[in-house]
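Residues in the sequence shown are numbered consecutively from 6, following the numbering used here.
Beta carbons: idealized from backbone N, C-alpha and C, even for Gly.
What you are looking at is a predicted structure, and each value in this text was computed from that prediction instead of being measured.
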Amino acid sequence: MSKIRKIYDALRPKKITYCNIATKKASETLRDKYIVITGGSSGIGKAIAKKSVEEGANVVIIGRSEEKLQNTINDIGEEAKYLVADVNDSVLLEKAEECLEHQITNIVNNAGIYINHSGDYELDDFEKTINTNLKAPFFITQKYIKYCIENDIKGNVLMTASNRGLMGDTTPYGISKAGLINCVQGFARDNICNGIRVNAICPGMTASDINGIKKSDNLYQENCKGKRVLLAEEIAEVACFLMSDVSKCINGAIIPCDEGDYLR
């Protein structure tokens, strides 16, 4: 790059984008719902938990850091509870039910990890990503569906996938999310007769701890078609709609939440 071009790039005005989102007034659409949210201490999971509480739900958030979980409860209200656990815990649902003191009506499989690499991925990183992003939600959902059938519960499962799962991707993250999307449609198809709904949201780049972007930061993003980073609160609005009875006719749906960025 020429010196003149470097000087021009340094001096030209930087593009800045901030976002104020429109949220609907709390209407208690989730009253009488007992919701378990994995990865609920930050980002999209925290936003879903907060919105769920506002809509009248009973919520338990799950994570590995008690400090983060407690801070989240302080932010969203004492109506929610927390459980320190790993998503691969074989008795996770039993612990969550005990914490809620009620049968579970909704599961949000939100926990996920992203390992950024500039070169080739190591086997260990691949396995960690698949175990958290695909294996854990698969077995949680499989067990929850059995639980719903045994207890005659018209359950509701929501997966936090990603728009990376809708596009060709060779990263472990993208591969795990593509697998999750496939699971959603399979679980939904096989359990229509049981009255159990399984859907997925596919967020685009969202301000979170994973990427270090805060919602108060400049949200301009050249690589996104909408030219901005999304906010977790936007995703939570869609999530809570899918968890409510208002969306009873929606099952097996894969909902991109990325301003159409996946359309390439």
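Backbone CA spacing between residue i and residue j [nearest angstrom]
i: Leu-98; j: Ile-158; result: 14 Å
i: Asp-37; j: Gly-124; result: 48 Å
i: Pro-177; j: Leu-185; result: 12 Å
i: Ser-249; j: Ile-260; result: 15 Å
i: Ala-90; j: Arg-69; result: 5 Å
i: Ile-133; j: Gly-209; result: Residue identity check: residue 133 is Lys in the sequence provided, not Ile. Looking at the two C-alpha atoms, the distance is approximately 22 Å.
Buried/exposed call for residue i, threshold 16 Cβ in 10 Å
i: Gly-265; result: exposed
i: Ile-206; result: buried
i: Lys-253; result: exposed
i: Arg-169; result: buried
i: Gly-173; result: exposed
i: Lys-219; result: exposed
i: Lys-151; result: exposed
C-beta contact flag for residue i and residue j at 7 Å
i: Val-162; j: Ile-112; result: yes
i: Asn-187; j: Pro-142; result: no
i: Lys-140; j: Ala-166; result: no
i: Ile-67; j: Thr-34; result: no
i: Thr-146; j: Phe-192; result: yes
i: Leu-171; j: Tyr-87; result: no
i: Ile-49; j: Val-64; result: no
Three-state secondary structure (DSSP) of residue i
i: Gln-48; result: It should be noted that the sequence gives Gly, not Gln, for residue 48. Here Gly-48 sits in helix by DSSP.
i: Asn-114; result: strand
i: Val-234; result: coil
i: Asn-121; result: coil
Problem set entry | Runs of beta strand (DSSP E) wholly within the stretch 81-111 (minimum 3 residues, chain order) | 86-89, all fully within the stretch 81-111.
Problem set entry | Length at least 4, wholly inside the stretch 148-232: the alpha helix (DSSP H) runs in chain order | Segments of the alpha helix (DSSP H) lying fully in the stretch 148-232: 177-195.
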